[in-house]
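Under full-length UniProt numbering, the letters of the sequence shown match residues 1 to 96, in that order. All C-beta atoms in this analysis are idealised placements derived from N, C-alpha and C, irrespective of residue type, glycine included. If you're wondering where the values come from, they're calculated on a predicted model, not measured in any experiment.
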Amino acid sequence: MSQPSTELRDNSAKHQYEIFSGDQLIGLAKYRVSGNTVNLYHTEVEDGHEGEGLGSQLAKHALDDVKAQGKQVIPSCPFIAAYIKRHPEYQDLVQA
Numbered sequence: 001m002s003q004p005s006t007e008l009r010d011n012s013a014k015h016q017y018e019i020f021s022g023d024q025l026i027g028l029a030k031y032r033v034s035g036n037t038v039n040l041y042h043t044e045v046e047d048g049h050e051g052e053g054l055g056s057q058l059a060k061h062a063l064d065d066v067k068a069q070g071k072q073v074i075p076s077c078p079f080i081a082a083y084i085k086r087h088p089e090y091q092d093l094v095q096a
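This is the structure we're talking about:
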């Protein structure tokens with residue numbers, strides 16, 4: 001039995017990237033924008049969905065979006081910081 005497909009969205013009204021399975025919100029990454037920087041400060045995945053790679057999908061989506069906007073990131077969420085450490089191609093996004 002295959003997993004339902006997921007959809008990633010930027011809910012700018014709530015300042016969070018969201019991941020859905022069907023119509024169910026199953027994870028989010030909260031952010032604050034200040035000028036040319038995006039502070040990714042909290043990532044969570046619903047109970048029962050841990051270990052499915054959803055947090056990594058959220059991190060990749062958020063970082064790719066920040067990059068597409070030409071902004072820099074402040075990875076104050078430990079999960080996002082660890083993701084960047086494991087994926088050095090995003091290191092250039094981190095605000096010095």
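Taking residue i as part of the alpha helix (DSSP H), name the residues at either end of that continuous run.
i          : result
leucine 54 : 54-68
From residue i to residue j, what distance separates their C-alpha atoms?
i            : j            : result
leucine 63   : serine 21    : 21 Å
threonine 37 : threonine 43 : 17 Å
valine 45    : valine 94    : 23 Å
glutamine 72 : leucine 25   : 27 Å
glycine 53   : glycine 35   : 30 Å
methionine 1 : alanine 96   : Residue placement at methionine 1 cannot be trusted, given a pLDDT of 40 that sits under 50; what the coordinates show is reported in the next sentence. Rounded to whole angstroms, methionine 1 to alanine 96 spans 45 Å at the Cα level.
For a test of the three-state rule: what should DSSP assign to residue i, helix, strand or coil?
i            : result
lysine 14    : coil
alanine 81   : helix
glutamine 95 : coil
serine 2     : Interpretation of serine 2 is limited by its pLDDT of 49, a score under 50 that renders its predicted location unreliable; no figure is taken from the coordinates.
histidine 42 : strand
glutamate 50 : coil
serine 76    : coil
Which residue's Cα is closest to the Cα of residue i: the options?
i           : options             : result
proline 75  : Ala68, Ile84, Lys67 : Ile84
glutamate 7 : Gln16, His15, Asp23 : Asp23
Over the uninterrupted beta strand (DSSP E) stretch that includes residue i, give me the two end residues.
i            : result
glutamate 89 : That residue, glutamate 89, is in no beta strand (DSSP E); it is neither H nor E in DSSP.
residue 98   : Limits of the chain in this structure are 1 at one end and 96 at the other, which puts residue 98 out of reach.
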